[in-house]
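Visitor: Take full-length UniProt numbering: the final residue in the sequence shown is number 90, and no numbers are missing along the way.
Each residue gets a CB set at the ideal place from its N, CA and C atoms; glycine is no exception.
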Amino acid sequence: GHKEEVLCKKHRKTKVHSPDLCHAKIRVLRFINEQKEEAIKNYLSPVIVNAIKEHATRRLDLGASVKELKKIEDYNIKKKIYKSEDSHFI
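Here it is in structure tokens:
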């Protein structure tokens, strides 16, 4: 009766996602966990970053993501350098 109709209307509708999407999320979570494990160690930041990049590229097949990270790092470093150089002119 009425109760069955209400229950049918309240069912959550779910979408079927690509299995690749789930696999990518799992890889990203593994990558984040690796970062945390390396960050706990008493290493200098560049050593940690290089270890994570190497692991991400070789074991997790995240080479494209590592390249993008490198571009962002380069941009940030250049921004800091040019910002400090410009401050001498002020």
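#1: Hey, could you find the ends of the alpha helix (DSSP H) R58 is sitting in?
#2: Taking 8 Å as the CB-CB limit, is T57 close to chain C?
#3: Do E73 and H55 have their C-beta atoms closer together than 8 Å?
#4: In angstroms with no decimal places, state the Cα-to-Cα distance between I48 and K36.
#5: Roughly how far, in whole angstroms, is the beta-carbon of F31 from the beta-carbon of L69, given that I think they are within contact range, below 8 Å?
Guide: To lay it out plainly:
#1: Looking up residue 58 in the sequence shown gives position 58. Unbroken alpha helix (DSSP H) run through R58: 45-58.
#2: Considering every chain present, this structure includes no chain C. It has just one protein chain.
#3: Taking the sequence shown and counting its residues from 1, the one referred to as residue 73 is at position 73. Taking the sequence shown and counting its residues from 1, the one referred to as residue 55 is at position 55. No.
#4: As a first step, residue 48 must be located in the sequence shown, where it is residue number 48. As a first step, residue 36 must be located in the sequence shown, where it is residue number 36. C-alpha separation (whole angstroms): 10 Å.
#5: Indexing the sequence shown from 1 puts residue 31 at position 31. Indexing the sequence shown from 1 puts residue 69 at position 69. Cβ atoms of F31 and L69 stay farther apart than 8 Å, at about 10 Å.
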